[in-house]
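No gaps in the numbering here: position 394 of the sequence shown is 593 in our numbering, and each next residue is one more.
The block underneath contains the structure these notes are about, expressed in structure tokens.
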Amino acid sequence: MSGGIQGKVHLVGAGPGDPGLMTLRGRELVEQADCVMYDALVPRTMLGWCKTGCKLIDVGKRADRHTVPQEKINELLIDCSKRYKCTVRLKGGDPYVFGRGGEEAEALQAAKVEFEVVPGISSAIAGPAYAGIPVTHRNYSSQLTILSGHSAGDKEGISYATAIAKTLGTRVMLMGAARLADTMRELQKAGLPGQTPAAAVQWATTAKQVTVKATVATLAQASKQAGLSAPAVVIVGDVVKLADQLEWRQHLPLAGKRIIVTRTREQNETLCRMLRELGAEVAELPTLRIVPPADKQAFAKAVVNSPHHDWLVFTSPNGVERFFEAFYTVYKDLRELGGARIAALGPGTAEQLKKRGLMVDVMPQKAVAEELIAEFDRKADEYGGLAHCTVLWVHAQKARTVIRCELEKRKAIVDECIAYDVAPGNADYGKIVLEEGADLITFASSSAAVYFRQMGLELPKRCHVASMGPVTTETLNKLGVKPQVEAELHTIPSLVKAITQWATQSPS
Ligand code: SAH
Numbered sequence: 200m201s202g203g204i205q206g207k208v209h210l211v212g213a214g215p216g217d218p219g220l221m222t223l224r225g226r227e228l229v230e231q232a233d234c235v236m237y238d239a240l241v242p243r244t245m246l247g248w249c250k251t252g253c254k255l256i257d258v259g260k261r262a263d264r265h266t267v268p269q270e271k272i273n274e275l276l277i278d279c280s281k282r283y284k285c286t287v288r289l290k291g292g293d294p295y296v297f298g299r300g301g302e303e304a305e306a307l308q309a310a311k312v313e314f315e316v317v318p319g320i321s322s323a324i325a326g327p328a329y330a331g332i333p334v335t336h337r338n339y340s341s342q343l344t345i346l347s348g349h350s351a352g353d354k355e356g357i358s359y360a361t362a363i364a365k366t367l368g369t370r371v372m373l374m375g376a377a378r379l380a381d382t383m384r385e386l387q388k389a390g391l392p393g394q395t396p397a398a399a400v401q402w403a404t405t406a407k408q409v410t411v412k413a414t415v416a417t418l419a420q421a422s423k424q425a426g427l428s429a430p431a432v433v434i435v436g437d438v439v440k441l442a443d444q445l446e447w448r449q450h451l452p453l454a455g456k457r458i459i460v461t462r463t464r465e466q467n468e469t470l471c472r473m474l475r476e477l478g479a480e481v482a483e484l485p486t487l488r489i490v491p492p493a494d495k496q497a498f499a500k501a502v503v504n505s506p507h508h509d510w511l512v513f514t515s516p517n518g519v520e521r522f523f524e525a526f527y528t529v530y531k532d533l534r535e536l537g538g539a540r541i542a543a544l545g546p547g548t549a550e551q552l553k554k555r556g557l558m559v560d561v562m563p564q565k566a567v568a569e570e571l572i573a574e575f576d577r578k579a580d581e582y583g584g585l586a587h588c589t590v591l592w593v594h595a596q597k598a599r600t601v602i603r604c605e606l607e608k609r610k611a612i613v614d615e616c617i618a619y620d621v622a623p624g625n626a627d628y629g630k631i632v633l634e635e636g637a638d639l640i641t642f643a644s645s646s647a648a649v650y651f652r653q654m655g656l657e658l659p660k661r662c663h664v665a666s667m668g669p670v671t672t673e674t675l676n677k678l679g680v681k682p683q684v685e686a687e688l689h690t691i692p693s694l695v696k697a698i699t700q701w702a703t704q705s706p707s
């Protein structure tokens, strides 16, 4: 494959850890990339944004692993530019803030490889902000110095420390955890008062965030007691005084919780957003993908023949989406569908219909096929029964036959429209997400649980399980899993409520 291609390399900042802190341009590139080369501090959940078939290269530096030397990374990047049109070099924080991004850009430029730089939110800024510390403030500091903790130990250590001690305002130190005690001592020796406020924030913006507030004289000891180690941002200066007053995150109900959300990416949006707003670190793990039905022609035919049925029955939100996607490739106007009555299973399905301007006539309280039939019976007088009515049932490839059988028993003429199938998600990505562990994993449907197992995935140790309701719980039980959390109603808000209650009972 090599040769011929003149690809472009994008040096992209992944932000400090919270995936929501990635730039729009960065996300767009990760979604388009043919190859992504990433570091240890890059949030793994971002790899789930990659398209299928994207080549993933881990050049992460971890203590327990062989590190890839910088020269090798530079070479790899140049090599990738000849193999892939779009290579994303994903780096924690900002690529040019102590990320050696400058060296990578130099290597690319020397090799005449086109490149782009997408800045990211540096941990130097985000770390303090998530700990309630504004790096500048009119009353405390109008200067900001960002420094590396490594350099403080260089041969010119003392003069460097002297320079830092003499700077005004806020000093933010990255890579400073390992030599924290030495650095704090050197700064004091160089004249910085021991009572200067200082703080360290470990794993900033993630569920594992820990903040230690002290002074230059006491920070090393206090951090040791708190078990704090790399990666941490160290902040020295008067602005640290504001930390208690301006703390905004740690009191959120789900702060400190890492929650893995299974099912499809499309279906997870609301759940993920709600959990993030409550302070959780959320990692998506799509256990299933929506794919076209086995017989695409039959699906197309069913859509062409869909107008002028007496009833349309939709049993899933995906069915509604796929049906209308296909409908509008054939027809231009919703009115061509005719004046069918509509039945739906589950509030999500009704929601999808409502979005398209369609109200539901029959919907059971509980999203179960048998209940839908019972609801049809209850309302039979209103609409005059099902005998000789034409019904189009839009559903997934693997659906129970109850609906067809029961409708036919009531003398309806049932046409089926198999609109989609589900396939397991990417197991390799699943394993990467699970490696980091979690406090809770959610299963919002039975199929999410079944496919989780089919992908060969195992629950992380000490991880609790949340289920959407009795049906999902039953499936989980069959798989040998006992959920600790169960939604009262079969809805996302109800699941979120149950998770919030769980969090108050399981402090981090
Ligand atoms: N380019 C990165 C910094 C790379 S150097 C950026 O702009 O953030 C690696 C150092 O960054 C770590 O040693 C640590 O000091 C800091 N760091 C990165 N992510 C962090 C996080 N989530 N919490 C605390 N410190 C972090």
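Positions of the beta carbon are idealized from the N, C-alpha and C atoms, including for glycine.
Spatially closest choice to residue i from the options, by CA coordinates
i    : options                : result
K207 : F498, F513, A239, Y283 : Y283
V433 : G518, L694, T344, E607 : T344
S280 : Y650, D381, H209       : H209
N625 : G655, E635, V613       : G655
G556 : E570, M562, G375, F523 : F523
E230 : T286, K271, L276       : T286
Y527 : L477, V502, A543, T514 : V502
C662 : V561, I640, V415, K412 : I640
I320 : G584, T600, A493, L220 : L220
R370 : A568, V415, V567, P516 : V415
E550 : F513, Q596, M383, G583 : F513
A389 : A413, W402, V409, A360 : A360
K597 : A493, E574, K677, I277 : A493
Closer than 8 Å: residue i CB and nearest ligand 1 heavy atom
i    : result
V317 : no
V400 : yes
K554 : no
T222 : no
T405 : yes
P430 : yes
M654 : no
K412 : no
G348 : yes
G537 : no
D293 : yes
G455 : no
S321 : yes
L639 : no
V296 : yes
M562 : no
L373 : yes
P215 : yes
G326 : yes
L343 : no
G212 : yes
K290 : yes
A362 : no
A419 : no
Counterpart residues of residue i in DSSP-defined beta bridges
i    : result
E524 : Beta-bridge pairing links E524 to no other residue.
G292 : G214
F314 : V208
K254 : C234
I541 : L511
H663 : L639
M372 : L346, V433
W701 : BP columns for W701 are empty, so no partner.
Q401 : V409, A431
Short Cβ contact (9 Å threshold) for residue i with residue j
i    : j    : result
D509 : A539 : yes
G291 : P218 : no
G331 : L427 : no
L346 : I363 : yes
A454 : R462 : no
E483 : N467 : yes
I698 : I459 : no
Q683 : V670 : no
T486 : A648 : yes
L373 : A399 : no
A618 : V590 : no
A306 : E274 : yes
L246 : I631 : yes
L552 : V519 : yes
V317 : G225 : yes
S322 : A376 : no
P242 : M473 : no
Neighbour flag for residue i against chain D, beta carbons, 9 Å
i    : result
K553 : Here there is only one protein chain, and chain D is not present.
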